[in-house]
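Contents: one structure, followed by commentary.
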Amino acid sequence: MRRRVTILPALALACLAAGAAAADEHEGVVPVDLPVLSEGVPRGELAREPAAGAGPAAKTVDGAIGDWVGRPTRFGGSLAFDRGELIYQDHLFDAYGADDGRDAQRLAVLDPLADAVPETRRLDAAQQADIPGEFGLATPEELSVQTHYGDLEHQDAADLAELRVAADADALWLLARTTTMTAAEGTALLVLLDTAPGGARHDVPFGSGLATERAELALLLAGDGGQVADLEAGTVEELPAGSVATDPGGYGNAIEARLPRSLLGGVAGVGVAAVSGAHDGGGITPANAAFRTDEPPREHWDKRQALALAAGSVDEFFAQAPLDELAAGRSERVTPGPGYHDRVFVSDEAISQERGSQGIHQHYGLYIPEAHRPGTPSPLQLWLHFRGGLGHTAANLVPRVFRHYGEDVDTIVVTPEGRGSSRWYVGKGHVDVLEVWEDVMDTLDVDRDRVYVSGHSMGGWGSYLLGVLYPDRFAAAMPVAGPVTQGAWFGCDSDPCYQGANGGDARVQHTRRLLDNVRHVPLAIFQGAIDELVPVAGVSAQALRLTELGYPHRYYLFPAYEHYSHPIVDEWIEGVRYMHQFSRDPNPARVTYARDMPFERATESVQSDDVPLDFDFDTAYWMSELEPADAENGVARFDGRSLARSEQPSLALPEAGGPLSPGQIGPYVMTGLRRAPDPLAETPAAGNGFEATLSGATAVRLDLERMGIQAAAPVEGAVTTDRALELRLDGPFSTLPPVTVDGEPVTATVDGGVLRVPLPAGGSTLRIG
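The sequence shown begins at 252 in the numbering used here and counts up one residue at a time.
The following block contains the structure:
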């Protein structure tokens, strides 16, 4: 499902319309909200305030990072002080070096146009995605571009993760870390130092191809050696032995250096610029510039870097290092503000490799709406990219994701990378989503009852996947052009009806197997009737199954849309409005959940690169530890109800709508179900008990407190199971209460507050207390 889009005529028409809208606005008329073209996503800033804390640590030139104690912000392209260290967090996977001239030529036309008509900024992303070629028009080689602006092969060993500056009374200290490094001699760091006001133009040596009008000194650091060039005098000297150390071991990936402050002329502050690159033994090929705090959101965040390196100067990227303040331990606290951020986190070494973008340093896109206030929980939206995309693809190519899913509904939007473009959110990609989830919940104030998941194409599949595996995390889901399995399903049951993709098993990974799990997760399904990649018959059958189950949902069928029409038109608001009707009930009266072991094993093994993974999809709401009788091929099913949570009976009523709605030009036909109170049914009286039906399971655990059941009072339960079962009831129970099954005492036990009751196959009535 590589990106195929067919929109040049639409782009041209929308461009003209955008200009007309701008003219209308100039005349005082409110412009029409147009599809296709839209303004770029605004870059987020960090709010700062001084912070007290522990002072700087003494440092040793050994390449080890343990004596660098400051905490990075974990926001790409940010600069902050902590414990006497000026810490720059770089954007990841952006070490592509200089533009070869083609991007600069194109941008010479497009950037002024975007300044005049901001909605046309998307034209740049459209050409990067090779829209002309996908439209069926030949793209001349001289116009062919990529989603990064630099034109080197990705220099992973020179891909900066962070760069730090520190100082003490005697020395200036430097630490650079890269995302990947396996050899001490292969990576070099070029450092420019501005030690005096003014300046003249000087060529920077070491084969850098750069010039500067700011720096007086240039350093080349590599391996265990370094050189310093006096640019005014035109001399180059070796740094004293022991001034530089490189450690490629583990994931430290560090180049560390000490420079005597006497070399700086006794100044209290110094300007610093730095570029990493491949080291050929004598010089450097610049690949990645530090201190880029104003890169516009792009797929690889390297636009300004590529253009600056092509122009032969990084003077625009100098940062000021106040040496005396660093020596005194300057610190500050930062908080992410509204706009789009490149969020960086540290991944599990078990799924990481010193190769390409597969190291422990990973990232995701984060959009914070204007309405968000730290300390006040906000709704959260996960948006999963399509196959061929990356974590920042939406910000570059599909900007209204952040408007419709985010700003318009005051919701934080998170776009995981999924460990690459085609992992289908299983295997290592699944671990990535879980790590992103943990980082978001630890970093931001999230309303956990208003969390939603959506995505396009492969990301639509991910929406089904996360919904059926983790229904208790989401209030609603919105698959857009989403395959219902990892690959394609044509709506029938013979083997040719299932087509796997990227190592997937389409029959085993069919989310229809687990669709019962989304009882409390309404789905808004967007699907094009002429989708050439996702069979509409399979998606329609998926929607029909929701109808058979009586689950609330909406199926939006767009008769004129093919697979990439939705990201082309870039309109999502109708489905977003539907999702935001719902909030999660963390403790519903009824829980339905199936644990499918072949599905689980596929999620562990597909796209895992043979790394052993162990996911236990055994929990939903107040039910946990659902154990299958057959751990390899079995399916364990649970359907239970808390009688303590009185629930008004409801009806499943049909819905219909279309052909369009405000902000969604369509046309579409919507069908679905909604829940409504049953006016003829009486609400049953609450009781201190539960009922449950299980199949294929040998054990299950129920949290009585979350079910609203009082463990201190007599508890009654009715359980039907197709085999012997250990029922675990979390009271908590401090002592063993009397337990009967079908009126007869049974041998039960209490372990850690959990009452364990053996039950036979068939129907059983039990009483506790």
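By construction, the Cβ of each residue, glycine as well, lies at the ideal position given by its N, Cα and C atoms.
query, result
"So what does DSSP say about Glu942, is it helix, strand or coil?", "strand"
"What does DSSP give as the partner residues of Asn884 in its beta bridges?", "BP columns for Asn884 are empty, so no partner."
"By a C-beta neighbour count over all protein chains shown, 10 Å radius and 16 as the cutoff for buried, is Leu980 buried or exposed?", "buried"
"Please list the segments of the beta strand (DSSP E) lying wholly inside the segment 508-587, counting only runs of 3 or more residues, in order along the chain.", "520-530, 535-540, 570-573, 583-587"
"First and last residue of the beta strand (DSSP E) that includes Gly203?", "It is not possible to answer for residue 203, since the shown part of the chain is limited to 252 through 1020."
"Determine the DSSP secondary structure at Ser494, reduced to helix, strand or coil.", "coil"
"With DSSP as the reference, label Gly387 as helix, strand or coil.", "The predicted position of Gly387 is uncertain, since its pLDDT is 45 and thus under 50; no value can be drawn from it."
"Which residues in the same chain have their Cβ closer than 8 Å to the Cβ of Leu911, if we skip the five residues on either side of it in sequence?", "Gly917, Pro918, Tyr919"
"At which residues does the beta strand (DSSP E) containing Asp847 begin and terminate?", "841-847"
"Could you give the first and the last residue of the continuous alpha helix (DSSP H) run that contains Gln899?", "Unbroken run through Gln899: none, as it is neither H nor E."
"Using alpha carbons as the reference points, say which of Ala365, Asp1002, Leu976 lies closest to Gly982.", "Asp1002"
"What are the boundary residues of the alpha helix (DSSP H) that Glu686 is part of?", "679-694"
"Pull up the DSSP beta-bridge partners for Leu337, would you.", "Phe332, Val416"
"Tell me the DSSP bridge mates of Ala298?", "Thr586"
"Taking the Cβ atom as the reference point for each residue, do Asp821 and Ser289 lie within a distance shorter than 8 Å?", "yes"
"Out of Arg770, Ile776, Val687, which one is the CA nearest neighbour of Ser216?", "A question about residue 216 goes unanswered here, because the residues of the chain that appear run from 252 up to 1020."
"Are the C-beta atoms of Pro650 and some chain D residue less than 8 Å apart?", "In the displayed structure, chain D is absent; only one protein chain is listed."
"Using three-state DSSP, classify Glu464 as helix, strand or coil.", "coil"
"Taking the alpha carbon of Phe868 as the point to measure from, which residue in Met848, Glu658, Ser856 has its own alpha carbon closest?", "Met848"
"Could you pull the start and end residues of the beta strand (DSSP E) that Ser629 belongs to?", "629-635"
"Between the segment 398-405 and the segment 547-563, are three or more C-beta pairs nearer than 8 Å?", "yes"
"Comparing C-alpha positions only, which one of Asp746, Tyr615, Tyr715 sits nearest to Trp688?", "Tyr615"
"Do you know how far the Cα of Arg926 is from the Cα of Gln899?", "11 Å"
"Determine the closest residue to Arg465 out of Phe457, Leu444, Asn884, with distance taken between C-alpha atoms.", "Leu444"
"Just to check my reading of the structure: Leu774 and His804 have Cβ atoms closer than 8 Å, yes? What is that Cβ distance to the nearest angstrom?", "4 Å"
"Between Gly751 and Asp782, what straight-line distance do the alpha-carbon atoms span, to the nearest angstrom?", "17 Å"
"I'd like the list of long-range same chain contacts for Glu621, defined as Cβ closer than 7 Å, with 5 residues on each side in sequence excluded.", "Pro589, Glu658"
"Under a three-way DSSP split, which group does Ala272 fall into?", "Bear in mind that the predicted position of Ala272 carries a pLDDT of just 40, short of 50, making it unreliable; the figure below should be weighed with that in mind. Ala272: helix per DSSP, three-state reduction."
"Do Val292 and Pro587 come within 8 Å of each other at the CB atom, strictly closer than that value?", "no"
"Val360: buried (16+ other C-beta within 10 angstroms of its C-beta) or exposed?", "exposed"
"So, for Leu635: in the same chain, excluding its five sequence neighbours on each side, which residues have a beta-carbon less than 6 Å away from its beta-carbon?", "Gly706, Gly710, Gly713"
"Per DSSP, what kind of secondary structure is Pro910 in: helix, strand or coil?", "coil"
"Using 8 Å as the Cβ pair cut-off and three pairs as the minimum, do the segment 933-944 and the segment 881-891 touch?", "yes"
"Taking the alpha carbon of Pro630 as the point to measure from, which residue in Asp575, Val682, Tyr703 has its own alpha carbon closest?", "Tyr703"
"By DSSP, does Met729 sit in helix, in strand, or in coil?", "strand"
"Does the beta-carbon distance from Gln778 to Val790 come in below 8 Å?", "yes"
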